[in-house]
Amino acid sequence: MAAPSPPCLLHVLLPVAASSSRGLRRRRRPTTSLLRCSSPSADTASSSWEGGREYKPSFADDFLLAFFRAKMVEEVGWDSEKPGYNGLIEVANRLMVKGKSALETEQSAVRVLRSLFPPLLLVLFKALLAPIANGQLASMMVARATALSCQWLMGPCSVNSVILSNGKSLSSGVFVEKCKYLEESKCLGVCINTCKLPTQTFFKDHMGVDLYMEPNFEDYSCQFNFGVSPPPLDTDKALKEPCLDICTNARRRKELGTGSSTDDGNEILCSTATDMWATLTKGPDVSDFYCRRILQS
2 MAAPSPPCLL HVLLPVAASS SRGLRRRRRP TTSLLRCSSP SADTASSSWE
52 GGREYKPSFA DDFLLAFFRA KMVEEVGWDS EKPGYNGLIE VANRLMVKGK
102 SALETEQSAV RVLRSLFPPL LLVLFKALLA PIANGQLASM MVARATALSC
152 QWLMGPCSVN SVILSNGKSL SSGVFVEKCK YLEESKCLGV CINTCKLPTQ
202 TFFKDHMGVD LYMEPNFEDY SCQFNFGVSP PPLDTDKALK EPCLDICTNA
252 RRRKELGTGS STDDGNEILC STATDMWATL TKGPDVSDFY CRRILQS
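For what it's worth, the numbering used here labels the leading residue of the sequence shown as 2, then goes sequentially.
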């Protein structure tokens, strides 16, 4: 889930609006810019990625993690005993378990994202800012707000340019070097069903901004394309991927063959994203596509 947090969003809206408006009038070519924030994790004093940057967390990161986790716990009705980011991932897994269908899980995640903002802020943004310049201004604004406020969740990010449907380039993209949420969850199902799909829905329905997210399940990078409509589910390449090799649930599933239960009573449910797509269109029980382990209550 990658909605910008309220404090950082409010901090950047006005200056970004001013600079973005000037950029639109002058028709300058978008340039790639780097927005640094503190860290993606509150569990360690510093974090690093292979081939990536290293930096330290701040008090703001700890606060945002705790705030986001509290909203997740509210929605799920359960909390992990583990502290910090590891506990957050367990709560995200429980969010998957709670949903009885793909739509229900997506709606739960969208409610979490909505709860991070004062309701009036979302209404005003969608009504007043989203329509300006065919949505280009709002797209650039949320790209910068996301890069500034969400690195505690995803890792190092940079604003880059994307190609819009009209063929023009706009600096409304965010490139995540190596998504910590995906890396720590080690599960395609968690990425797709608690992050990608609900985040796309949230920005479109509640902020009036199109968003197409392109996670790369090989290097764990992710490209946010604000101002770009997502493709139909049946052509979205992310939903055609098999589960990750490092996914504990997928690995245990392979070890068990076609079985769906383990000796400890936990159920293993894992499949390819092709099956995931089939279930999304038909809307039956989530067991057909969720890559997850049913957590014991």
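Note that beta-carbon positions come from the ideal geometry of N, C-alpha and C, so glycine has one too.
Beta-carbon spacing of residue i, residue j below 9 Å
i, j, result
"Asp206", "Gly228", "no"
"Leu114", "Phe203", "yes"
"Glu185", "Ser159", "no"
"Ala93", "Val191", "yes"
"Ala144", "Gly174", "yes"
"Leu117", "Lys187", "no"
"Leu66", "Leu96", "no"
"Tyr182", "Met2", "yes"
"Ser172", "Met141", "yes"
Residue burial classification, residue i (beta-carbon count within 10 angstroms, cutoff 16)
i, result
"Ala274", "With a pLDDT of only 42 at Ala274, under the threshold of 50, the placement of this residue in the model should not be trusted, and no figure is reported."
"Asp237", "buried"
"Pro58", "buried"
"Cys38", "Because the pLDDT of Cys38 is 38, which lies under 50, any placement of that residue in the model is unreliable, and the question is left without a value."
"Pro199", "buried"
"Gly209", "buried"
"Val77", "buried"
"Val111", "buried"
"Leu121", "exposed"
"Pro231", "buried"
"Lys101", "exposed"
Contacts around residue i, its chain only, beta-carbon distance under 6 Å, and the 5 residues preceding and following it disregarded
i, result
"Asp80", "Val74"
"Ala239", "Pro216"
"Asn226", "Val163, Gly174 and Tyr213"
"Pro119", "none"
"Thr195", "Ala93, Leu96 and Ala110"
"Arg70", "Leu89"
Cβ shell of residue i (< 7 Å), same chain only, five flanking positions each side left out
i, result
"Lys99", "Val77 and Ser109"
"Glu91", "Ser81 and Lys83"
"Gly24", "Residue confidence for Gly24 is low, a pLDDT of 43 falling below 50, so the modelled location carries little weight and cannot support an answer."
"Ile133", "Ala139"
Own chain partners of residue i with C-beta closer than 8 Å, once the 5 adjacent residues on each side are dropped
i, result
"Pro233", "none"
"Gln201", "Leu212, Tyr213, Met214 and Pro231"
"Lys197", "Met214, Pro216 and Ala239"
"Cys223", "Met155, Phe176, Val177, Cys180, Leu183, Met214, Glu215, Pro216 and Asn217"
"Leu123", "Arg115, His207 and Met208"
Query raised in the report: Touching or not, the region 132-148 and the region 160-179, by the rule of three or more beta carbon pairs under 8 Å?
Result: yes
Query raised in the report: With contact counted as at least three CB pairs below 8 Å, one residue from each stretch, are the region 115-128 and the region 145-156 in contact?
Result: no
Requested in this report: Could you name each continuous beta strand (DSSP E) segment of 3 residues or more that falls completely within the region 102-177, going from the start of the chain to the end?
Outcome: 158-164 and 170-177
Report task. Could you name each continuous beta strand (DSSP E) segment of 3 residues or more that falls completely within the region 188-243, going from the start of the chain to the end? Result -> 212-216 and 223-227
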